[in-house]
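Comments concern the structure below.
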Amino acid sequence: MTNTIRHGGDLQRAMKEYGGRAQYWVDLSTGINPDGYPVPQLPASAWQRLPEDEDGLAAFAAHYYDAKHALPVAGSQAAIRALPTLLKRGRVGVAALGYSEYAPAFARAGHEVVLLDEADFLRDDLGASLDHLVVVNPNNPTARQLPPETLLQWHADLAKRGGTLLVDEAFMDCTPDQTIAPHSHQKGLVVLRSIGKFFGLAGVRCGFVLAAPALLTALSEVLGHWTVSGPARAVARIVLDDVSWESITRAQLIHRSEKLRQFLVECGFEPVRHSLFCWVPHPDAEWIQTVLAADQVWTRYFPAAGGSPPGLRFGLPPGSPRAWAQISKAFDTLSQVMNPDGY
């Protein structure tokens, strides 16, 4: 059965609806670094041998994330599908406006999913009426970011009753001082990380689960052998060990996302900035998406949910002058349509 949940990066759908060839589109629909890590040539053994668990990747990940234990998985998605089956069935809080795979994954595993409004994440007692809680931090797409102290308090409340706090930190690499990965060895706390967003390597399909050893062992048994390919493991070891590239990239992403934010402000919007995207809530978001798409600029639309209006997520543009010129042209068209009389 085909998965009908839509995600960013669906440029084929844009071309089917609006025409054009991929090389002429500016795809802003993802939150992925458009200038990802320059992957070097891999040794032949990465392609020819079966992947080996004892290749040091788990240790590289634990060091990079400042965690005690790490399990490599085929992207966060593999863990999102499997983890709900390992937790006791109960009431699971999931953001109504957030990454859309969590709610169906927990529902399939027999949990009662409680959709949370954005205002709920301001509550100190959020975990009081839940058995488990999922927090995407920073949130995708709203860029809401909660301090570690809040998350650790929720974890303590849940853990006292045998519950679990699952924190998805796929967008945390730009603010490593805000991670709760150093606490992930505690029972009832699970942290998910990925090399797809910050490193711009979504196609590698490699992520990590940071948790207590007992849960990681159970998850490994469910996922089975060789879930992460040899080439993916080789690439992950390289990128997690390149401290210089990571530091330079963090600074570059802040600069580029601020440039995008300022551009959107000048166009009359009120964006919320993350280092990898900008979130623009707007009542006419879906219509705006279609206007921009007519000029082959593709964005990600989110309908109203969780007490928030609909909105668009704008990923970082490529650094080329052509891309920015095309974006400017699309927004000029949008301005003319929204303000036909010039006011």
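Heads up, the working numbering is the position in the sequence shown plus 672, with the first residue counted as 1.
C-beta: ideal position from N, C-alpha, C; glycine also.
Next item on the list: Return the first residue and the last residue of the alpha helix (DSSP H) that TYR737 is part of.
Entry: 729-737
Checklist line | Inter-stretch contact at 8 Å, needing at least 3 Cβ pairs: the segment 717-735 / the segment 1000-1012 | finding: no
Checklist line | As assigned by DSSP and simplified to three states, the class of LEU802 | finding: coil
Note to self: Just to confirm the assignment: which complete beta strand (DSSP E) runs, minimum length 3, are found wholly within the segment 804-852?
What the structure shows: 804-808 and 836-840
Check: Helix, strand or coil: which one does DSSP assign to SER980?
Finding: strand
Next item on the list: In the DSSP assignment, find the beta strand (DSSP E) that holds LEU873 and state where it starts and stops.
Entry: First-last for LEU873: undefined, no H or E at that position.
Checklist line | Close beta carbons around ALA686, own chain, < 7 Å, minus the five adjacent residues each side | finding: TRP697, ALA965 and TRP970
Check: Who are the Cβ neighbours of GLU918 in its own chain at under 6 Å, not counting the five residues just before and after it?
Finding: none
Margin query: Closer than 8 Å is the cut-off here; do at least three beta carbon pairs connect the segment 699-708 with the segment 828-837?
Written below: no
Next item on the list: Look at the Cβ atom of LEU988, then the Cβ atom of PHE949, and state whether they are nearer than 8 Å.
Entry: yes
Checklist line | 8 Å contact criterion, which ALA733 and PHE935 should meet: CB distance rounded | finding: So it is not a contact: roughly 35 Å between Cβ atoms.
Next item on the list: Classify VAL937 as buried or exposed, calling it buried when 16 or more other Cβ atoms lie within 10 Å of its own Cβ.
Entry: exposed
Check: So what does DSSP say about ARG972, is it helix, strand or coil?
Finding: strand
Checklist line | Length of the line joining the Cα atoms of LEU912 and TYR736 | finding: 6 Å
Note to self: So, for ARG763: in the same chain, excluding its five sequence neighbours on each side, which residues have a beta-carbon less than 6 Å away from its beta-carbon?
What the structure shows: GLU784, VAL786, LEU802 and ASP803
Checklist line | Straight-line Cα distance separating SER992 from GLU726 | finding: 41 Å
Notebook entry, point to check: Going straight from the alpha carbon of ARG761 to that of PHE778, what length do you get?
Noted result: 9 Å
Notebook entry, point to check: Quick one, which of GLY875, MET844, GLY835 and GLN961 has its alpha-carbon nearest PRO706's?
Noted result: GLY875
Note to self: Measuring only the C-alpha atoms, how far is ARG909 from TRP951?
What the structure shows: 32 Å
Notebook entry, point to check: Per DSSP, GLY692 is paired with what?
Noted result: In DSSP, GLY692 forms no bridge with anything.
Notebook entry, point to check: Considering only residues of the same chain and omitting the five flanking positions on each side of ASN811, which have a CB-CB separation below 6 Å?
Noted result: GLY770
Checklist line | Nearest residue (CA-CA) to ALA883, options SER1000, GLY691, PRO710 and PRO744 | finding: PRO744
Next item on the list: Pull up the distance between the alpha-carbon of TRP898 and that of HIS741, whole angstroms please.
Entry: 19 Å
Note to self: Quick check: the Cα distance between PRO975 and GLY747, rounded to an integer number of angstroms?
What the structure shows: 26 Å
Item checked: 8 Å Cβ cutoff met for GLU689 and GLY979 -> no
Next item on the list: Quick one: grab the DSSP three-state call for ALA746.
Entry: coil
Item checked: Span of the beta strand (DSSP E) around PHE880 -> 879-882
Next item on the list: Would you kindly work out how many angstroms separate the C-alpha atoms of LEU683 and GLY834, rounded to a whole number?
Entry: 43 Å
Checklist line | Simplified DSSP state of GLU724, which is helix, strand or coil | finding: coil
Check: Where do the N-terminal and C-terminal ends of the alpha helix (DSSP H) with HIS927 fall, by residue?
Finding: 915-938
Checklist line | Opening and closing residue of the alpha helix (DSSP H) in which GLY902 lies | finding: 902-912
Item checked: Cutoff 8 Å; reference TRP996; Cβ partners in own chain excluding five residues on either side -> PRO989
Next item on the list: Would you decide whether PRO1012 is buried or exposed? Buried here means 16 or more other CB atoms lie within 10 Å of its CB.
Entry: exposed
Check: CB LEU891 to CB LEU729, shorter than 8 Å?
Finding: no
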